[in-house]
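Undergrad:
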Amino acid sequence: MKILHLLYESDGDYFGTGGVCTRAYEIYNYLKNNHDITLLCRKYPGALDSFKNGLRHFFVGNKSKSFLKSLLSYAYCSTSFVRENGKDFDIIIKEFSPAVPSLPKLVTKTPIVLQIQGYTGRKYFRKYNPLYAISLVSFEQIIPSSYNYYISINKTIINKFRFLRKKYIEIIPNGISKNILSIPIEDGEYILFIGRIDIYGKGLDLLLKAFEKFNSVFPDIKLIIAGNGRDFSDFKKLLMNLPSKVRNKIELPGWVTGEVKHEIFKKALFVIAPSRYEVQSISVLEAMAYGKPVITSDIQEFYFIKESGAGIQFKTGDYKSLFNSMKQMAESIKRFDMGKKGQKWVSQYTWDKIAIQYENYLKKVCY
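The sequence shown begins at 1221 in the numbering used here and counts up one residue at a time.
1. Would you kindly report the start and end of the unbroken alpha helix (DSSP H) that includes Ser1293?
2. Once DSSP output is grouped into helix, strand and coil, what is the label at Glu1521?
3. Taking DSSP's pairing of strands, which residues face Gly1531 in a bridge?
4. Go ahead and pull the three-state DSSP assignment for Val1280.
5. Pull up the DSSP beta-bridge partners for Leu1227, would you.
6. Any contact of the segment 1323–1330 with the segment 1355–1362, i.e. 3+ C-beta pairs under 8 Å?
7. What separation, rounded to the nearest whole angstrom, lies between the Cα atoms of Asp1402 and Phe1431?
8. Return yes when the Cβ of Ile1411 is within less than 9 Å of the Cβ of Val1491, no when it is not.
9. If Ser1541 and Phe1534 are in contact, beta carbons under 8 Å, what's the gap, nearest whole angstrom?
10. Going residue by residue through the segment 1381–1468, where are the continuous alpha helix (DSSP H) segments of at least 4 residues, counting only ones entirely within it?
11. Let me know the secondary structure DSSP gives Glu1246 once reduced to three states.
12. Taking DSSP's pairing of strands, which residues face Ser1270 in a bridge?
13. With burial defined as no fewer than 16 other Cβ atoms inside 10 Å of the residue's Cβ, what is the status of Leu1582: buried or exposed?
14. Measuring only the C-alpha atoms, how far is Arg1385 from Tyr1367?
15. For the ligand NAP, any of its heavy atoms closer than 8 Å to the Cβ of Arg1382?
16. Taking Glu1521 as the reference, which of Ser1545, Gly1511, Ala1507, Ser1495 has the closest Cα?
17. What span of residues does the beta strand (DSSP E) with Lys1329 cover, start to end?
18. Rank Lys1283, Lys1442, Glu1390 by C-alpha distance to the C-alpha of Ala1550 and give the top, closest one.
19. Which first and last residues belong to the alpha helix (DSSP H) in which Val1491 is found?
20. Can you name, in chain order, every residue of its own chain whose Cβ lies under 6 Å from the Cβ of Glu1229, other than the five neighbours on each side?
21. Would you tell me roughly how many angstroms separate the C-alpha atoms of His1225 and Met1508, rounded to the nearest one?
22. Who are the near neighbours of Ala1530 in its chain, counting only those whose CB is closer than 7 Å to its CB and skipping five residues on each side?
23. Evaluate Glu1483 with the Cβ neighbour count: other Cβ atoms within 10 Å of its Cβ, from every protein chain shown; 16 or more gives buried, anything less gives exposed.
24. Which residues in the same chain as Arg1416 place their Cβ atom closer than 7 Å to its Cβ, once the five residues preceding and following it in sequence are excluded?
25. Straight-line CA distance for Ser1365 to Glu1506?
26. Under the three-state reduction of DSSP, which class applies to Asp1256: helix, strand or coil?
27. Among Tyr1234, His1255, Phe1309, Pro1318, which one has its Cα closest to the Cα of Gly1266?
28. Based on DSSP bridge pairs, tell me the residues matched to Thr1570.
29. Applying the criterion that 16 or more other CB atoms from any shown protein chain within 10 Å of the CB defines a buried residue, is Gly1474 buried or exposed?
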């Protein structure tokens, strides 16, 4: 198949990356030898068209350092690209975001699959001005209704959309590298958060408040926050509000990959995901694959933590509840057992299996 993927974030993105980018690269790593794959990505300062790791990258839009301008420009230019070139592909995958209000379906007869990896709803009002938030909430419900084919990460997310043609939905979860499962489990020495630096969405404000209390009880345990994102500067300002003795126990290594990422997971005591909203966090799945116990918020999307016995959940948005969970985990003699249970549960979700399911669905739509 000739596959065109409208991927609004890509490796090396100036604005940071997240699960959308990671998922695409992991799946296509298994499919690139049998299919011709083109990624149509949002242009950012320094982005150059290239053929990298077996995948063709085209960048379109404005190189603006304004995130909003770059998204709107990408929405327009990606639609223009599909209008001119869509006929040259067998299938198109569009990553859905209400912040990218494009409708390539209107300009091509090539079948398009809308991949839905999240839902924010009214929480947009906590992040943006009311006018912009209203437009995002509206687009989030209206745009998907115009498509015929969908991929979603889980049923919890898809059930939040009211107007989908549910007959054509394929649930394809996120996954982990099967190589991680063979690594011996080690007890660690620090608490780890790994992911996009999104203060409100990822609950990083809660994490800092909880860690300040935690530090008064466990002054020798560090917190590592690994990642990047648009909120990085504002997040560092929050750090500066902490007492120096607490601040000195927090490390920010930035975005980590490869061997550095491997080592940072391996040596963690436990992993925290204090998100206010989430889809299916790849970093949490990876933590489970490394045999690390996890602490997450109790949002529906983290149902599998309780189901698998992989960790502890706290009341979403409550930093005191998070602190109590951190204290409980640090003192628990069941950390190793939690890690083993999580590893067993996540072993069914390896990227090679997920890539096959993804490929089969695209073939079904095409043929």
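Just so it is clear, CB atoms sit at the ideal spot from N, CA and C, and this is done for glycine as well.
TA: Based on what the coordinates show:
1. 1287–1305
2. In the structure shown, Glu1521 sits in a helix (DSSP, three-state: H, G or I).
3. Bridge partners of Gly1531: Val1514.
4. Under the three-state reduction of DSSP, Val1280 is assigned to strand.
5. Cys1261.
6. no
7. In the sequence under discussion, the amino acid at residue 1402 is Ser, which differs from the Asp named in the question. Taking the straight line from one Cα to the other gives about 32 Å.
8. Less than 9 Å separates the beta-carbon of Val1491 from that of Ile1411.
9. 4 Å
10. The qualifying runs are 1424–1437, 1452–1460, 1464–1467.
11. helix
12. His1277
13. buried
14. 8 Å
15. Of ligands this structure carries none, so the ligand NAP is not represented either.
16. Ser1495
17. Segment: none, Lys1329 is in no beta strand (DSSP E) and carries neither H nor E.
18. Lys1442
19. Where Val1491 is concerned, there is no enclosing alpha helix (DSSP H), although the beta strand (DSSP E) it sits in stretches over 1488–1493.
20. Thr1237, Val1240, Cys1241
21. His1225 and Met1508 have their C-alpha atoms roughly 29 Å apart.
22. These residues qualify, in order along the chain: Met1508, Pro1513, Val1514, Met1558, Lys1561, Gly1562, Trp1565.
23. exposed
24. Gly1236, Gly1238, Lys1422, Gly1447, Gly1449
25. 33 Å
26. strand
27. Tyr1234
28. Ile1396
29. exposed
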